[in-house]
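Visitor: In full-length UniProt numbering, the protein residues as written are 1 to 263. Quick one: this structure, given as structure tokens, is what I'll be asking you about.
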DNA sequence: AAACTCGTCAACCGCACGCAG
DNA sequence: ACTGCGTGCGGTTGACGAGTT
């Protein structure tokens, strides 16, 4: 007999999560921990499957998530780890506290892969791509280098620098570079705001206390072993939820506050 | 202004794995 | 050893916004 589906999909909601759903999930997990993902949606009053809840929590709602773009140092480390580990994203993510495997995978597929190709490196083998002399050859790199500028860049980059990116970006203009740096500044401002919100609560230690787990970061973060937050901690949890509310502009959900489990 | 293209990333799918019975 | 279940993982999809024509 075939394997049972992870959930009964009939009547379940799919697609992007609403703020209300997020709120419900966060409140439920903070109050009850996670003992069985399959039960979470039902107990939390969500029309989602357990898998979807797990994914949402791990990739987006987890309080210890690090937000914002990857730094160049992080990118370089990802590349080095990928050369050793291959597409084992969860293993790679284990080296980046606050980053998820999904995030790293996405970043790899959308950014790093292209940069490596521009550098003349095969993103799979991490070795220089052999130039195929035949004009008929149409590998991806060749296609991406179709533009004169693309070719120019790949020529001028010394790929044996081993992942030390050229000072110029793929477009090769200082103007573009300035733009990127500007955006980074904006991002940093945003991150600072995040730090203000998240940072005042020592979530790392709270998590460790709650989970009684090892001190090393696990990308497969789970509250499975956690007991319910004790009464003494509920105030800081409330504080956190309050901050989350303001952070995510959950103005429209104040009514939920009245129904929050631990109030 | 509309149509189209492209890049990004959240979310889904299905298989693999580990564990308990 | 086998089976069933819950979870983890990696590949893939599709919605959406930004940029371009």
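The beta carbon of each residue, even a glycine, is placed where N, CA and C say it ideally should be.
With three or more C-beta pairs closer than 8 Å as the rule, is the segment 39-56 touching the segment 71-82?
Guide: Because the criterion of three Cβ pairs below 8 Å is not met, the segment 71-82 and the segment 39-56 do not touch.
Visitor: For residue 55, name the three-state secondary structure that DSSP assigns.
Guide: Position 55 of the first chain holds residue 55. The answer is helix: DSSP assigns residue 55 an H, G or I state.
Visitor: Have a look at residue 53 and residue 37 and give me their C-alpha separation to the nearest angstrom.
Guide: Mapped onto the first chain, residue 53 falls at position 53. Mapped onto the first chain, residue 37 falls at position 37. If you take the alpha carbons of residue 53 and residue 37, they lie about 7 Å apart.
Visitor: Might you give, ordered along the chain, the residues of its own chain that have their beta carbon closer than 7 Å to the beta carbon of residue 164, omitting 5 neighbours on each side?
Guide: If you number the first chain from 1, residue 164 lands on position 164. In this predicted model, residue 164 has a pLDDT of only 41, less than 50, meaning its place in the structure is not dependable; the value taken from the coordinates is given anyway. For residue 164, where only same-chain residues beyond five positions count, there are no Cβ hits under 7 Å.
Visitor: CB-CB under 7 Å to residue 57, same chain, minus the five flanking residues each way: which ones, in chain order?
Guide: As a working mapping, residue 57 is identified with position 57 in the first chain. Once the five neighbours on either side are set aside, the close Cβ partners of residue 57 are 25, 29.
Visitor: Specify the secondary structure class of residue 265 as computed by DSSP and reduced to three states.
Guide: Because the chain here runs from 1 to 263, residue 265 falls outside it and cannot be looked at.
Visitor: Excluding the 5 residues preceding and the 5 following residue 14 in the sequence, name in chain order all residues of the same chain whose CB lies nearer than 6 Å to its CB.
Guide: Position 14 of the first chain, counted from the start, is the residue given in the question as residue 14. Answer for residue 14: no residue qualifies.
Visitor: Quick one: using the 10 Å Cβ neighbour count with 16 as the cut-off for buried, is residue 264 buried or exposed?
Guide: Residue 264 cannot be examined here, being either before or after the span of the chain that is shown, 1 to 263.
Visitor: Pick helix, strand or coil for residue 118, following the three-state DSSP scheme.
Guide: To locate residue 118, count along the first chain from 1; it is residue 118. Of the three classes helix, strand and coil, the one that applies to residue 118 here is helix, per DSSP.
Visitor: Could you check the C-alpha separation between residue 95 and residue 101 for me, to the nearest Å?
Guide: The sequence position of residue 95 within the first chain is 95, counting from 1. The sequence position of residue 101 within the first chain is 101, counting from 1. Straight-line Cα distance between these residues: approximately 10 Å.
Visitor: Kindly indicate which three-state DSSP category residue 38 falls into: helix, strand or coil?
Guide: Start at 1 with the first residue of the first chain, and residue 38 comes out as number 38. Looking at residue 38 - three-state DSSP - the assignment turns out to be coil, as it is neither helix nor strand.
Visitor: Could you check where the alpha helix (DSSP H) with residue 268 kicks off and where it finishes?
Guide: Residue 268 is absent from the model: the chain starts at 1 and stops at 263.
Visitor: Which residue comes first and which comes last in the alpha helix (DSSP H) that contains residue 28?
Guide: Counted from its first residue, the first chain places residue 28 at position 28. 19-32 is the span of the alpha helix (DSSP H), which, as asked, contains residue 28.
Visitor: For residue 64 and residue 35, what's the separation of their Cα atoms in angstroms?
Guide: To locate residue 64, count along the first chain from 1; it is residue 64. To locate residue 35, count along the first chain from 1; it is residue 35. Rounded to the nearest angstrom, the two C-alpha atoms are 19 Å apart.
Visitor: Roughly how far, in whole angstroms, is the beta-carbon of residue 79 from the beta-carbon of residue 85, given that I think they are within contact range, below 8 Å?
Guide: The residue you call residue 79 lines up with position 79 of the first chain. The residue you call residue 85 lines up with position 85 of the first chain. Going by Cβ atoms, the distance from residue 79 to residue 85 rounds to 11 Å, so no, they are not a contact pair.
Visitor: Among residues of its own chain, excluding the 5 on either side of residue 112, which ones have a beta-carbon nearer than 7 Å to its beta-carbon?
Guide: Reading the first chain from its first residue, position 112 is the one you call residue 112. Around residue 112: 75, 78, 79.
Visitor: How far does the alpha helix (DSSP H) with residue 93 in it reach, from first residue to last?
Guide: If you number the first chain from 1, residue 93 lands on position 93. Run containing residue 93: 89-93, per the alpha helix (DSSP H) assignment.
Visitor: Would you identify the three-state DSSP class for residue 111, choosing helix, strand or coil?
Guide: Taking the first residue of the first chain as 1, we reach residue 111 at position 111. Helix at residue 111.
Visitor: Let me know if residue 12 comes out buried or exposed under the rule of 16 or more other beta-carbons within 10 Å of its beta-carbon.
Guide: Working through the first chain from its first residue, we reach residue 12 at position 12. It is exposed - the Cβ of residue 12 has fewer than 16 other Cβ atoms within 10 Å.
Visitor: Using a Cβ-Cβ cut-off of 6 Å (strictly less than) and excluding sequence neighbours within five positions of residue 59, which residues of its own chain qualify?
Guide: Numbered from 1 along the first chain, position 59 holds the residue referred to as residue 59. 100, 102, listed in sequence order.
Visitor: If you check the beta carbons only, do residue 89 and residue 114 fall under 9 Å apart?
Guide: Within the first chain, numbered from 1, the residue matching residue 89 stands at position 89. Within the first chain, numbered from 1, the residue matching residue 114 stands at position 114. Contact flag unset, no.
Visitor: Hey, how far is the Cα of residue 126 from the Cα of residue 23?
Guide: Locating residue 126 in the first chain gives position 126, where the first residue counts as 1. Locating residue 23 in the first chain gives position 23, where the first residue counts as 1. Cα-Cα distance, rounded: 42 Å.
Visitor: Classify residue 16: buried if its beta carbon has 16 or more other beta carbons within 10 angstroms, exposed otherwise.
Guide: Walking along the first chain from the start, residue 16 turns up at place 16. Flag for residue 16 reads exposed.
Visitor: Within 10 Å of its beta-carbon, does residue 32 have 16 or more other beta-carbons around it, so buried, or fewer, so exposed?
Guide: Within the first chain, numbered from 1, the residue matching residue 32 stands at position 32. Buried: at least 16 other Cβ atoms inside 10 Å.
Visitor: Helix, strand or coil for residue 64? Go by DSSP, reduced to three states.
Guide: Numbered from 1 along the first chain, position 64 holds the residue referred to as residue 64. In this structure, residue 64 counts as coil in the three-state DSSP scheme.
Visitor: For residue 107, which residues from the same chain have a beta carbon less than 6 Å from its beta carbon, with the 5 sequence-adjacent residues on both sides left out?
Guide: As a position in the first chain, residue 107 is number 107, starting the count at 1. For residue 107, where only same-chain residues beyond five positions count, the Cβ hits under 6 Å are 70.
Visitor: Can you look up residue 46 in the DSSP assignment and give me helix, strand or coil?
Guide: As a first step, residue 46 is located in the first chain; it is residue number 46 there, counting from the start. The answer is coil: DSSP assigns residue 46 none of H, G, I, E or B.
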